[in-house]
Amino acid sequence: MSGGHDDDDAGHGHGNQSRFIQHHYDDAQHQFDSGKFGIWLFLAQEVLFFSALFVAYVLYRVHHPEIYSYAHKWLDVKYGAINTGVLIFSSLTAAWAVRAAQLAQRTLLIACLATTILCACAFLGIKYIEYSHKIHEHILFGHYFDPCISPGGEELLTKNNKCPGTKGSVTWDYVAVNPDNSVGKALEGCFDAAKLDQDLKLSGVQADCQVETVKIEMKGDKEVEVGAPTPITNQCADELLVVLNGNRGMEGTGKELEKEAAPKFPCWRPAYQPAVCPTTTTLDQHTHGVGDKPQVGILVEYGDHEEREDIKVKAKCKDAVPPPPIDPIAKAAEQKKEQLGTKAIHPIHVPTTHEEHEIESLGPPPEHTGMFFTIYFAMTGLHGVHVLVGILVFLWLLVRAIKGHFTPDYFGPVDFAALYWHIVDLIWIFLFPLLYLIH
Amino acid sequence: MADHAEHHDDHDHGDAHGDAHGISHVATIKTLVGTGGTLLFLTVVTVLATKIDFGANINLAIAMVIAVTKATLVVLFFMHLRYDRLFHTVVFVSAICAASLFVGFTLMDSSQYQHTNIWHPSEPPAAPVGPRPTG
Amino acid sequence: MATTATTAIPESLKNLPQGPVKEPDFLHVTKGWKSWAFTLDHKRIGMMYLFGILFSLLLGGTFALLLRTELWSPGKTIVGADTYNQFFTLHGAVMVFLVIIPGIPAALGNIIMPIQLGAPDVAFPRLNLSSFYLWVSGATLLVLTIPFGGLDTGWTLYTPYSLETKTAVMVATMGVFLLGFSSIFTGLNFLVTIHKFRPQGMGWFQLPLNIWAIYGTAIMQVLATPVLGITVLLLTVERFGHIGIFDPTLGGDPVLFQHFFWFYSHPAVYIMIIPGMGVVSELISTYARKPIFGYRFVAYSSLSLALLSFLVWGHHMFVSGQSRLANMVFSALTFTVGIPSAIKVFNWVATLYKGDIRLKTGMLYALSFLLLFTIGGLTGLFLGILSVDVHLHDTYFVVAHFHYVMMGSTLVAFLGALHHWWPKFTGKMYNESLGRMCAIGVFIGFNTTFLPQFVMGARGMPRRYWDYDPQYQVFHQISTIGAFILGISLFITVVYLMASFWTGPKASRNPWGGSSLEWQAPTPPTLYNFETPPIVHELYNYDDLVEVAEDRWERLSEATENQSAAPVAAGDKEHH
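Chains as they are written, first to last, in the working numbering: chain A, 965 to 1403; chain B, 13 to 147; chain C, 309 to 884.
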C-alpha cells in the first residue's frame, strides 16, 4: 500500500476509526451508506434540474428542425469531440481516485484527483475558446443573435451591417411628415464605398423636407456633423441624392460648384438644385439635370481616398417628428418583412476558423435561429457551471487528500464527489450528440 | 460498534473484487480502464457515424443509441451501480422516468398545436369561409 | 381501551420524571446566540424555522387583510389597482413559498420527526443547517422585493407579463431559487434519515403515519423542486438577457413557461398537503385513543399521492392554449389523484367511530381538517372537469378551492400539530381554553371568508380583480369580515403560544397519551433526544397508557421493575 500510513487516522483496528465519523452514526459503514444514498438523491435532483432544458430542446427540435439543421453547423465538432474525450478521461481518473482512496494509495489518489481537475480545466478552456468565437461573431442567443458570417462563409445582413460585402451603409435618422400627416419611413441604403463618387439613391423622402444637417459616421472616427449654410429643401417627392466624393473637390461632379479654400473635411455642399428633377440616376444625367424631377443633391466630401467602413450619413430635417411608438405586433410583422437575413451577398471566401469542409452556399439562417443558441448556451452554460463547481469540490478534496484525511474506512467524500462528476460527464455525453452531431 | 477492521488487510491489494467485508466494492483496474476505453471508442464511432447519411431520423436514433450505451456504461461501472444496492438504481431510474414524463407529456401537448395566424390590427385576416372547424 | 380509573394506577407511575434527569434539555444545554446560529441540533433548527415561518405567516396574513379590505367595495377602497396587484402577489408568494411549503416539514418535521423515529439526529445535520440558511436567504430576498419595487405578476409569475413588468421580478425569482434548494435538501435529509436511522423493531410498517407522510413529501421535494429551480433561473436569465425561450417574437413559447412552472407546482401542492395529512393521522389516533383504521392503506396512499402528483400538472392549463388531447389526458388523470386522498378521509372517519374522543385543541383542528379538506378536495374535482373548468378557471371558485386545501387543511393541520407537540419541545403547556376558542374562531372565520367565494366564483367573479360589479359586493363584504375574524384568531393563537414560553405551566412527558416514540423522550428532549433508549411498542396501541393526572399519561409497563420489551441498543439500527 503506497503511503497509506502517513497519518494517524488510517483507522484499522478495533474502535480506532477515522476521526471523521460523526457521532450520530453507529460506525463508518453507517455513515458511508447514508452518504451514498444522500448523493444518489442529489444526483436524481440534478437530472430533474437539467430536464427542463431537455424539454425545451426536444420541443424546439421537433417543431423547428430547419433551425437545428442550419444552426448546428456553426458549432465545431472537433472541439465538442475533444471535450467529450477529456471529460470521459476525467471520469476515469475520478473513478480511479475512489479506488485509490479505498485502497489507501495516497499518492495515486492525489495524482488522480489532480488529473481530474486538470481535465476539467481543459474542458473549460475549450469552452472558453468556443464561446469567445461565438461572442465575437455575434452568434448568440435570442435577441442578440446577429451573425455576420453564415456557416458556409457567406456574409450576412446584420443589424449593424445592412450591407455586408460593402463598406458602408447609410441611415437616415429622420422621419418626415407627409402632407396628409402620415409619417414617412426612415430610409436605408447600401453603397460600396470602395468605389468613390458613388451615387446613392434613396427613395421615399418627402417633399418639402428641409435638410439641415448631415451627420457622418465613419468607423474609427467620431460622428461629425456637417451643416449646410442654408437648409436644402427637397423639392422632389421621391428622391434625395447623396453623392460621396473622395476629395478631389469639384472633380467628377460635373457641375461647377463654388470653390472654397481648404474646406474642412468632411464637408457637405449642395451639389445642385436643378429646376427639373431627373429620372435617371447616373451622375452625369443628374448633373445635367436631365429628367423631369428636380433633385437635391448632397455632396459629402471627405478629405482622402481611403475607403471608410461603415460610413453612415444621416440627414436631419427641421422639426423632425419622433417615430411612432413601437408596436410589438407590427415589429414582429415588420421583422418578417425586413430583408434581414434574406439578402446574402455572393459567397465570399472568408477564411473562418471553424469551417474546414468546402464552402457551401447555405443561404441565410431561418427565422428565429437564435433559439437554437438560446438552448445551446443554456445547456452548455449550465453544464459549464456544474463543471466549475466540480473543480472547486475536487480542489477541496485534493487538499484533504494531501493532508491524509482519507482512509479505507472514510473515503465517502471522494466517492460522492466522483459520483457527482460522473453525472456531469453523463449529461455531456447526451449534450454532445444532441447539439453537435445533428444531421 | 460494528466491527470490520480485521478484514481490511486481506482485500486491499490491487485486485479487489466484490468486497463484502470492506465499506464498499472496489473497482478493478480492468473494469475502469476497460470502461474508459470503450467510452472513448464509442465517442469516435458516434462522430464517424454522422459522416454517413442514413436520413435525419436514423442518424438521430443511432446517436441516441450510442449515447444511451455510453451512459449505461458510466452509470453501471464508473458509478458502481452494478455493485450497489438496488434501491439506488430505483432512485436514479425514478428521476429518469420523471424527466421522461415531463418531456413526453409536454411534447404530446405541443405536437397538437395548430397554426397560429399572427396579424397586425391594420391588416386583419379575411373572414373564414366554410363550416366551423371542430379541431 | 385506556384505563382512566385512578384506583388502577400504581404509585410508582406518579413519580416518574417528566423532564430530563441527567443532562440539561436541548433549550438550555448551551447558551448564547452563536449556539443557536451555528447549531447542528435538528430541534433548534426546527425552532428557528418555526419562528421564521410564523413571522412569514403574519406578513402574508397582513397582505391578505389589506387586499380583503380593498375588496370591501368596488373600485378603489384604500389603494389603487397596481398596488392591489402587488398585495395579492406578495400574499401568494409569501404564503406559498415561506409558510405552507416549508411549514410542516421544515419546522415540525425537523423538530419532531427524528424523535418520533427514535433517532439522535437527522442524517446530515450540517446540510440541515444549510437548508435553514438557504430558507433565510430566500425569504430575505423575497421580502426585499417589497422595497425594490414589489411584485405584481401573481405568485405564478406567468410570462409574458413577468418578462415585461418593471417590478422586482428578478429579486423574487432569485429568492425562490434559494428557497427551492432549501426544500430539496430538507427532503433529501429526511429520506436518508427515515431509511437509515430507524431503530431495531421499527420496520416500514411500524412507522407512524406522520413519517410515511414526510417520506412521500420528501420524494416530491427531491424530484419536483429542481424543475422550479431551473424555471425561475430561466425566467431570470430571460428577463435579464433576452434569451428568448418564453418570448414569441424571438421564437419562444410562453405556454412552455406554464408547463415548466406547473410540473413543479402541482407536486408542490401535495408537498403542502401530505405532511398535513400525516399530522392528522397522529392527531386523530391520539385524541380518539384508537389505532388508525386501515394503516397500510393510509401509508400507501401517501406514496401513491406522491407519484400520481407528477401526472396531473396540465389541469392548471386547461384554458391556456393547451391542446385538446393533453386536456383530456390531464383531466382523466386528475380524477385518479383524488382517490388516495379520499381513502385517507374515509379511514380517518372510521378511526373516529367508537373512539374515546378528547376535544383538545389539536383534535378540534383535526376535525376542522376533515370537513374543510373534504370540501376543498371535492371542489378540486369540479375544477378537474374540462367543461366546468372553462367557466370556473380564474374565478373565485378556484381561489376558494385552494384556500380550503392550503389554508383550511394544511394551515389548520399545522396549527393542530403545533399545539399537539408544543408541550414536547417547549416544555410548557399553552392555555387550553384559549386554544379551543381560537380553533373555533379559525373555523368560523375561515368558512365565513371562503364559502361565499365559491358562490361568487360560480356566478362569474374573476380572481385577481381590483374592481368588480356591484352584484358581488355583499359576498366580498362577508368574506372580508370573515378574514378579519380569521386574522384575529390567528394572531391571538400566536400570542398565547409565545406567552406560554414564559408563563405557561410545565408540561409532562406525555400530556396527550400518545403512543409514538417522541412521547418517551423527556420534555423538553435532551440534546440527542433520549436519555434512555426508547422502546418500540406496538404502533397506535393505547391500551397500556393511563392518565395519571390532568394532561399527564404514563405507560403501565413502566411501573414494573422488569421491562418486557428490550431497550434499543445504541448501535442497533435498522437501515435498509
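Where is the CB? At the ideal position from N, CA and C, for every residue including glycine.
N- and C-terminal bounds of the beta strand (DSSP E) containing residue i
i	result
C:Leu-450	No beta strand (DSSP E) holds C:Leu-450; the alpha helix (DSSP H) holding it covers 433 to 452.
A:Val-1363	Here A:Val-1363 belongs to no beta strand (DSSP E); instead the alpha helix (DSSP H) covers 1334 to 1366.
C:Arg-772	Segment: none, C:Arg-772 is in no beta strand (DSSP E) and carries neither H nor E.
C:Val-854	853 to 857
Neighbour list for residue i in chain B, Cβ cutoff strictly below 8 Å
i	result
A:Ala-1035	By Cβ distance, chain B contributes nothing, its closest Cβ being about 14 Å from A:Ala-1035, past 8 Å.
A:Gly-1049	Leu-52 and Thr-55
A:Phe-1053	Gly-48 and Leu-52
A:Asp-1040	In chain order: nothing, as chain B lies at least about 12 Å away.
C:Leu-449	Neighbours of C:Leu-449 on chain B: none; closest Cβ ~27 Å, over 8 Å.
Nearest residue (CA-CA) to residue i, options the options
i	options	result
C:Ala-414	C:Gly-622, C:Gly-688, C:Ser-639 and C:Thr-525	C:Thr-525
B:Phe-149	C:His-623, C:Gly-716 and C:Phe-505	Outside the shown range of chain B, which is 13 to 147, sits residue 149 of chain B, and nothing can be said about it.
C:Trp-656	C:Ser-609, C:Ser-631, C:Gly-688 and C:Phe-643	C:Ser-609
A:Ala-1058	A:Leu-1012, A:Ala-1381, A:Ala-1035 and A:Leu-1356	A:Ala-1381
B:Ser-112	A:Gln-1066, A:Phe-1018 and A:Ile-1052	A:Phe-1018
C:Ser-676	C:Val-750, C:Asn-739 and C:Thr-642	C:Val-750
C:Ser-573	C:Val-563, C:Gly-812, C:Ala-532 and C:Thr-377	C:Ala-532
A:Phe-1053	A:Gly-1089, A:Trp-1385 and A:Leu-1401	A:Trp-1385
C:Gly-586	C:Trp-570, C:Leu-660, C:Pro-516 and C:Val-577	C:Pro-516
C:Val-606	C:Val-577, C:Arg-547, C:Pro-328 and C:Ile-519	C:Ile-519
A:Trp-1392	A:Ala-1045, A:Phe-1109 and A:Ile-1355	A:Ala-1045
N-terminal and C-terminal residue of the alpha helix (DSSP H) that residue i is part of
i	result
A:Leu-1070	Checking the displayed sequence, the identity of residue 1070 of chain A turns out to be Arg instead of Leu. Its alpha helix (DSSP H) spans residues 1070 to 1100.
A:Ala-1382	1376 to 1395
A:Glu-1030	1029 to 1035
C:Glu-472	469 to 472
C:Glu-862	Unbroken run through C:Glu-862 is the beta strand (DSSP E), 860 to 863; no alpha helix (DSSP H).
C:Phe-799	781 to 811
C:Gly-327	Where C:Gly-327 is concerned, there is no enclosing alpha helix (DSSP H), given that its DSSP letter is neither H nor E.
C:Gln-761	740 to 766
Within chain F, the residues that residue i reaches when beta carbons sit closer than 7 Å
i	result
C:Phe-432	No chain F is part of this structure, whose protein chains are labelled A, B and C.
Partner residues on chain A for residue i, Cβ-Cβ distance less than 8 Å
i	result
C:Asp-429	His-988
B:His-100	Lys-1000, Phe-1001 and Trp-1004
B:Val-86	Ser-1055, His-1386, Asp-1389, Leu-1390 and Ile-1393
Under 7 Å from the C-beta of residue i: neighbouring residues of chain A
i	result
C:His-503	Phe-1001
C:Ile-492	Gln-1009
C:Ile-496	The amino acid at residue 496 of chain C is misidentified as Ile; the sequence shows Leu. Gly-1002, Leu-1005 and Phe-1006, listed in chain order.
C:Leu-499	Leu-1005
Neighbour list for residue i in chain A, Cβ cutoff strictly below 9 Å
i	result
C:Val-577	Result: empty, since nearest Cβ-Cβ is about 18 Å, beyond 9 Å.
B:Asn-71	Leu-1401, Ile-1402 and His-1403
Under 9 Å from the C-beta of residue i: neighbouring residues of chain C
i	result
A:Gly-1106	Glu-546, Gly-549, His-550, Ile-551, Gly-552, Ile-553, Asp-555, Leu-558, Gly-559 and Gly-560
B:Phe-117	His-567, Phe-571, Leu-619, Trp-621, Gly-622, Ala-634, Val-637 and Phe-638
B:Met-120	Ser-631, Leu-633, Ala-634 and Val-637
A:Thr-1344	In chain order: nothing, as chain C lies at least about 13 Å away.
Partner residues on chain C for residue i, Cβ-Cβ distance less than 7 Å
i	result
A:Gly-1334	Gly-552, Leu-558 and Gly-559
Where residue i meets chain B, residues with beta-carbon distance less than 7 Å
i	result
A:Trp-1060	Leu-44
C:Phe-618	Ala-110 and Leu-113
Could you list the residues in the stretch 1005 to 1022 of chain A with a C-beta less than 9 Å from some C-beta on chain C, going in chain order?
Leu-1005, Phe-1006, Ala-1008, Gln-1009, Glu-1010, Val-1011, Leu-1012, Phe-1013, Phe-1014, Ser-1015, Ala-1016, Leu-1017, Val-1019 and Ala-1020
Whole alpha helix (DSSP H) runs in the stretch 532 to 617 of chain C with 4 or more residues, listed along the chain?
As summarised for the stretch 532 to 617 of chain C, the continuous alpha helix (DSSP H) elements at least 4 residues long and confined to that stretch are 562 to 596 and 603 to 616, given in chain order.
Cβ-based contacts, 9 Å cut-off: residues of the stretch 530 to 557 of chain C near chain A:
Val-530, Leu-531, Ala-532, Thr-533, Pro-534, Val-535, Gly-537, Ile-538, Thr-539, Leu-541, Leu-542, Val-545, Glu-546, Gly-549, His-550, Ile-551, Gly-552, Ile-553, Asp-555, Pro-556 and Thr-557
Quick one: which residues of the stretch 558 to 576 of chain C get their C-beta closer than 9 Å to a C-beta of chain B? List them in chain order.
Answer set for the stretch 558 to 576 of chain C: Asp-561, Val-563, Leu-564, His-567, Phe-568 and Phe-571.
At which residue ranges does the stretch 395 to 428 of chain C contain complete alpha helix (DSSP H) runs of 4 or more residues, listed in the order of the chain?
418 to 425
Taking only beta carbons into account, state which residues of the stretch 840 to 863 of chain C come closer than 8 Å to chain A, listed in chain order.
none
Tell me the start and end of each unbroken alpha helix (DSSP H) in the stretch 631 to 697 of chain C that is at least 4 residues and wholly inside, in chain order.
If only complete runs of 4 or more residues are kept, the stretch 631 to 697 of chain C shows the alpha helix (DSSP H) at 632 to 660 and 669 to 692, in order along the chain.
Suppose only complete runs of 4+ residues qualify. What are the alpha helix (DSSP H) ranges in the stretch 1000 to 1070 of chain A, listed by chain order?
Counting only runs that start and end inside the stretch 1000 to 1070 of chain A, the alpha helix (DSSP H) elements of at least 4 residues fall at 1029 to 1035 and 1041 to 1066.
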